[in-house]
Amino acid sequence: MEIDFAAAREALIAGLRLEIYDERVLRAMRRVPREEFVPADLRRLAYDDRPLPIGHGQTISQPLMVATMTEVLRLRGHEKVLEIGTGSGYQTAILAQLAERVVTVERVPELAESAAERFRRLGYDNITVHVAGPKLGLPEEAPYDAILVTAGAPRVPRVLVEQLAPDGRLVIPVGRRSVQQLLSVTREGDGLRVRRHGQCRFVPLIGEEAWPESDAQEY
Ligand code: SAH
Numbered sequence: 010m011e012i013d014f015a016a017a018r019e020a021l022i023a024g025l026r027l028e029i030y031d032e033r034v035l036r037a038m039r040r041v042p043r044e045e046f047v048p049a050d051l052r053r054l055a056y057d058d059r060p061l062p063i064g065h066g067q068t069i070s071q072p073l074m075v076a077t078m079t080e081v082l083r084l085r086g087h088e089k090v091l092e093i094g095t096g097s098g099y100q101t102a103i104l105a106q107l108a109e110r111v112v113t114v115e116r117v118p119e120l121a122e123s124a125a126e127r128f129r130r131l132g133y134d135n136i137t138v139h140v141a142g143p144k145l146g147l148p149e150e151a152p153y154d155a156i157l158v159t160a161g162a163p164r165v166p167r168v169l170v171e172q173l174a175p176d177g178r179l180v181i182p183v184g185r186r187s188v189q190q191l192l193s194v195t196r197e198g199d200g201l202r203v204r205r206h207g208q209c210r211f212v213p214l215i216g217e218e219a220w221p222e223s224d225a226q227e228y
């Protein structure tokens, strides 16, 4: 049976409205076809509000979490955004609707390659994809007006704060391996201002100021 993806997408957005108030975020979610970002055999589940496996032990995030993180970033349209953890590229595509330019970094080369191919096919022209280097983020292209990390870290990595522009905002899940708090971090004078936005569950962020390579487990 053919699936009516447009109708399924509208039903998902109607559900998101109960928790997401920023109309711009909802509009962006309406414009991105999530069925194009999930593996072919899981397309029928594309508009269930849950994460799905995308191979290499990684997942495409739950739509509500994508919308929440995007809302917390409070993009206005002129920003250069860094995303860490491209994965399927779904979150990247949402950010690309709301910012001027998105730089996204992925640790697994095969995922970076298939996301780049997907962006080409779908016509997103303000996204650049990079395979992650030894340092978290992409210091070569810093500073960024906003940084979004879509994997969980044990603490706020200093190396990412350093890549923020003045008044920039870092959104990152921080906590244990199994469960984290979504934090937004802004610079304030010499210190950091941290706000909490509720509990979340992400795959581990791997790197020097995050979890060791051995934590990049397969699902
Ligand atoms: N936003 C993605 C979520 C993917 S899961 C989506 O919705 O599809 C998180 C991703 O972070 C995984 O693909 C994982 O490989 C990647 N990752 C983990 N540590 C990383 C690092 N240090 N740099 C870049 N990507 C990393």
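Numbering (the numbering used here), first residue to last: 10 to 228. All C-beta atoms in this analysis are idealised placements derived from N, C-alpha and C, irrespective of residue type, glycine included.
Cβ-based burial, residue i [other Cβ within 10 Å; buried from 16]
i           : result
residue 154 : buried
residue 49  : exposed
residue 8   : Outside the modelled stretch of the chain, which goes from 10 to 228, sits residue 8, for which no answer is possible.
residue 187 : exposed
residue 175 : exposed
residue 221 : exposed
residue 219 : buried
residue 228 : Confidence is the limiting factor: at residue 228 the pLDDT is only 45, short of 50, which leaves the residue's position unreliable, though a coordinate-based value still follows. Exposed: under 16 other Cβ atoms inside 10 Å.
residue 85  : exposed
residue 30  : exposed
DSSP-derived helix/strand/coil call for residue i
i           : result
residue 34  : helix
residue 228 : At residue 228, the pLDDT of 45 sits below 50, so the modelled position is not reliable; the number obtained from the coordinates is stated separately. Coil, per DSSP.
residue 159 : coil
residue 95  : coil
residue 47  : coil
residue 12  : coil
residue 174 : strand
residue 148 : helix
residue 132 : coil
residue 119 : helix
residue 27  : coil
residue 81  : helix
residue 164 : coil
Supposed contact pair residue j and residue i - C-beta distance, whole angstroms, cut 8 Å
i           : j           : result
residue 70  : residue 60  : 6 Å
residue 209 : residue 74  : 6 Å
residue 158 : residue 103 : With a Cβ gap of about 15 Å, residue 158 and residue 103 do not count as contacting.
residue 2   : residue 166 : No answer is possible for residue 2: it lies beyond the span of the chain, which begins at 10 and ends at 228.
residue 112 : residue 150 : 6 Å
residue 95  : residue 138 : 6 Å
residue 40  : residue 106 : 6 Å
residue 283 : residue 214 : Residue 283 falls outside the range modelled here, since the chain spans only 10 to 228, and no answer is possible.
heavy atom of ligand 1 below 7 Å from residue i C-beta
i           : result
residue 159 : yes
residue 115 : yes
residue 100 : yes
residue 94  : yes
residue 79  : no
residue 97  : yes
residue 68  : yes
residue 165 : no
residue 219 : yes
residue 156 : no
residue 216 : yes
Strand pairing of residue i, partner residues [DSSP]
i           : result
residue 222 : According to DSSP, residue 222 bridges with nothing at all.
residue 139 : 114
residue 89  : 110
residue 203 : 194
residue 68  : 62
residue 182 : 191
residue 215 : 220
residue 208 : 190
residue 153 : 173
Chain B contact for residue i (CB, 8 Å cutoff)
i           : result
residue 180 : You won't find chain B in this structure, because it holds only one protein chain.
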